[in-house]
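Visitor: I'd like to ask you about the structure that follows.
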Amino acid sequence: MRQRLLSATTLSTLEEASTAQLSSMQSQDYTHIIMSIRQNKYVDLNQIPNRLRLQRSVPVLKALYSAGVKPDLKGWKLLMWLYNSIGSLADVKQTFKQMTEHNYRVYDLSVSGPLVRSYIAHRKDAEAMDAFQKLSRVDRSVSPYRMLIQAYIDRNDHKGVESALQLMIDAKYKLHAEVLLPLCEFYFKLQDYQQVLTHIQSCLANQSKVPLLRIYYIMMCTFNEMGDYQQVQSLIDKMKHRGEFVTDAMYMEQIVSFSRLGNSQSMWCVYNELQQRKYSQHIGETRTHSIYSFIYRHSNSHEFSHWLRSYRRHCFNNHHH
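Structural data, given as structure tokens:
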């Protein structure tokens, strides 16, 4: 029975199993099931949105626990991730408590991190800070601070982001690109373009190794939104002169700048450069020529602004610059 449940290709096989059948499974099997859910391996969940897929798995995971099957350490950590992902603060807290009772090390980023993030998502900042402080006393790296800043970014909380950033500064941690770049993208979303450029300058001034493509892309987006179109052209020219790779997303910003300047000749020169480059974009498969025609005709329209925001968000989220 254990092997049949382990090799199941549908979650419904586990949902239909009796308590006695589930009790034949072992700790590592619990982890195997969560990983299968996370990696979307159950065929009856394939067409379900991610959050609903995770939510549907919860009764099975709780039934396993009730049947006496306890997770191993990796399984516990995955449970913390899962419950935080579906926004269930009660289950995050309960899992954290159970790990404590089983004498696991809970002041670890992969355990306390989901607890802090879940508290912040539910606007329980006092509880979040208490959990964060306990974590940061054990984990003395910069990672808890990065997690805290990201949690407030995810909540779209400007004051929370600034408070978390100040905590990091007070703790004497250097503001690495891994912290500054999410801040740049956050302030870009808030249309605080001067803050974006300030953080970019900090990245470039203080780092020996930085993800330059990502930085350049954010700079181009920012210059376009500020109406400083020539800066976009200048930055791309410098990249080409240095032999650096110019991504499709960067060319998109160059096209936007030319179209807003009304410079159709230069815009189509860029198009000709890209004819041989395969181009895929965010709103569906369309021929490159049609995309650029759309940009040139509608670059100042509300419709295009909405499309461009969606495209940039896609690039930011995937770091596909």
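Here UniProt numbering is used: the first residue of the sequence shown is 1, the next is one more, and so on. Backbone N, C-alpha and C fix where the C-beta goes; we use that ideal spot for every residue, glycine too.
Count the other CB atoms, across all protein chains shown, that sit within 10 Å of the CB of A249; report buried if there are 16 or more and exposed otherwise.
Guide: By the neighbour-count rule (16 or more Cβ atoms within 10 Å), A249 is buried.
Visitor: Would you grab the beta carbon distance between C221 and E178 for me? Rounded to a whole angstrom, and I think it's under 8 angstroms.
Guide: That belief does not hold up - the Cβ atoms of C221 and E178 are roughly 19 angstroms apart, past 8 angstroms.
Visitor: Using C-beta distances below 7 angstroms, list every residue in its chain close to T13, excluding the 5 sequence neighbours before and after it, in chain order.
Guide: Excluding residues within five positions, the ones whose Cβ falls inside 7 angstroms are L5.
Visitor: Could you pull the start and end residues of the alpha helix (DSSP H) that E15 belongs to?
Guide: First-last of the alpha helix (DSSP H) with E15: L11 to E15.
Visitor: Measuring CB to CB, does V116 end up less than 9 angstroms from P71?
Guide: The answer is no: Cβ separation not under 9 angstroms.
Visitor: What did DSSP end up calling G87 once you bin it into helix, strand or coil?
Guide: DSSP places G87 in coil when its eight states are reduced to three.
Visitor: Based on Cα-Cα distance, which residue from Q26, A164 and L52 lies nearest to R38?
Guide: Ranking the options by Cα distance to R38, first place goes to L52.
Visitor: In terms of alpha-carbon separation, which member of G113, S66, C269 and A20 lies closest to V138?
Guide: Ranking G113, S66, C269 and A20 by Cα distance to V138 puts G113 first.
Visitor: Which word fits L11, buried or exposed, when buried means at least 16 other C-beta atoms lie within 10 angstroms of its C-beta?
Guide: Buried, by the Cβ-count rule.
Visitor: With a threshold of 7 angstroms on Cβ separation, who are the neighbours of W81 within its own chain once the five nearest residues in sequence on each side are excluded?
Guide: So the qualifying residues of the chain are P114.
Visitor: Would you be able to state if there are at least three C-beta pairs under 8 angstroms between the segment 144-164 and the segment 119-128?
Guide: Yes, the segment 119-128 is in contact with the segment 144-164.
Visitor: If I measure Cβ to Cβ from M1 and keep anything under 7 angstroms in the same chain, skipping five residues before and after, which residues do I get?
Guide: Contacts found: Q21 and S24.
Visitor: Could you give the residue range of the alpha helix (DSSP H) that holds H302?
Guide: H302 to N318 is the extent of the alpha helix (DSSP H) around H302.
Visitor: Could you tell me the distance, in whole angstroms, from the CA atom of L73 to the CA atom of F188?
Guide: Rounded to whole angstroms, L73 to F188 spans 39 angstroms at the Cα level.
Visitor: State buried or exposed for Q265, treating a residue as buried only when at least 16 other CB atoms are found within 10 Å of its CB.
Guide: By the 10 Å Cβ count, Q265 comes out exposed.
Visitor: Got a sec? Which residues, its chain only, sit under 7 angstroms from Y216 by beta carbon, not counting five neighbours each side?
Guide: Correct list, in chain order: L235, M239 and M250.
Visitor: In its own chain, which residues sit with a C-beta less than 8 angstroms from the C-beta of V69, not counting the 5 before and 5 after it?
Guide: Cβ neighbours of V69 beyond the five flanking positions: L22, S23, M25, Q26, S27, D29 and Y30.
Visitor: Three-state secondary structure (DSSP) at F186?
Guide: The answer is helix: DSSP assigns F186 an H, G or I state.
Visitor: Using C-beta distances below 7 angstroms, list every residue in its chain close to S118, excluding the 5 sequence neighbours before and after it, in chain order.
Guide: Closer than 7 angstroms at the Cβ level, and outside the excluded window around S118, lie N84, L89 and V92.
Visitor: Leaving out the 5 sequence neighbours to the left and right, which residues in its chain are closer than 8 angstroms to S110 when beta-carbon positions are compared?
Guide: If we look at S110 and ignore the five residues flanking it on each side, its Cβ neighbours are K77, M80 and W81.
Visitor: By the three-class DSSP mapping on this structure, what secondary structure does D130 have?
Guide: In this structure, D130 counts as helix in the three-state DSSP scheme.
Visitor: In angstroms, rounded to a whole number, what distance separates the CA positions of V58 and S257?
Guide: Taking the straight line joining both Cα atoms gives about 49 angstroms.
Visitor: How would you label E185, buried or exposed, when you count the other beta carbons within 10 angstroms and need 16 or more for buried?
Guide: E185 is buried by the Cβ-count criterion.
Visitor: Leaving out five residues before and five after I153 in sequence, what residues of the same chain have Cβ atoms less than 7 angstroms from its Cβ?
Guide: V161, P182 and F186.
Visitor: Quick check for students: name the residue ranges of the beta strand (DSSP E) that lie wholly in the segment 173-260, counting only runs of 3 or more.
Guide: Segments of the beta strand (DSSP E) lying fully in the segment 173-260: there are none.
Visitor: In the structure shown, what three-state DSSP assignment does R2 receive?
Guide: Correct three-state label for R2: helix.
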